[in-house]
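Data first, discussion second: the structure below is written as structure tokens.
In my numbering, the protein residues as written are 475 to 611.
So this is what it looks like as structure tokens:
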């Protein structure tokens, strides 16, 4: 039985990972009349990796699955400020009302800033998580 990614990824062992994503029920990702999807997937992969602290070293898109070789850049993610984490998260997701208010320049109270800081730390962890990148793609 396959193991979930969180039990297989050990950043202490290596920051490089090879991931595969397959289509279900014998569906085709690309192929006859579906070749335009290859570019969609490539664009989405580059868009997601630009927000994450994960570099795409190589990828290959086949007709019913794709492979990616990823490098998790922990030092980059740890160096981000709270503002940068929030901006990167908002490149891909809408965030929540408090983060949207913060980005619009609204004044926040101490409790709101503490809540936002806690949420930004969760987002920082997610922005260097292989599973979150793969689900975003």
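Cβ coordinates follow ideal geometry from the N, Cα and C atoms, glycine included.
Keep in mind that this is a model prediction, so the values were computed, not measured.
Which two residues bound the contiguous beta strand (DSSP E) that contains residue i?
i           : result
residue 530 : 528-535
residue 496 : 490-496
residue 544 : 539-546
Please work out which residues of its chain come closer than 6 Å, Cβ to Cβ, to residue i, disregarding the five sequence neighbours upstream and downstream, and give them in chain order.
i           : result
residue 504 : 511, 512, 537
residue 515 : 535
residue 541 : 494, 534
For a quick check, are the C-beta atoms of residue i and residue j less than 9 Å apart?
i           : j           : result
residue 543 : residue 551 : no
residue 596 : residue 576 : no
Can you name the start and end residues of the alpha helix (DSSP H) that residue i belongs to?
i           : result
residue 502 : That residue, residue 502, is in no alpha helix (DSSP H); it is neither H nor E in DSSP.
residue 576 : 571-577
residue 563 : 556-566
residue 515 : 510-525
Please work out which residues of its chain come closer than 7 Å, Cβ to Cβ, to residue i, disregarding the five sequence neighbours upstream and downstream, and give them in chain order.
i           : result
residue 618 : In the structure as shown, the chain begins at 475 and stops at 611. Residue 618 is therefore absent and cannot be evaluated.
Would you call the segment 551-568 in contact with the segment 518-533, where contact means no fewer than 3 C-beta pairs closer than 8 Å?
Because the criterion of three Cβ pairs below 8 Å is met, the segment 551-568 and the segment 518-533 touch.
Is the segment 484-499 touching the segment 575-587 in the sense that three or more CB pairs, one from each, lie closer than 8 Å?
They do not touch, by the three-pair rule.
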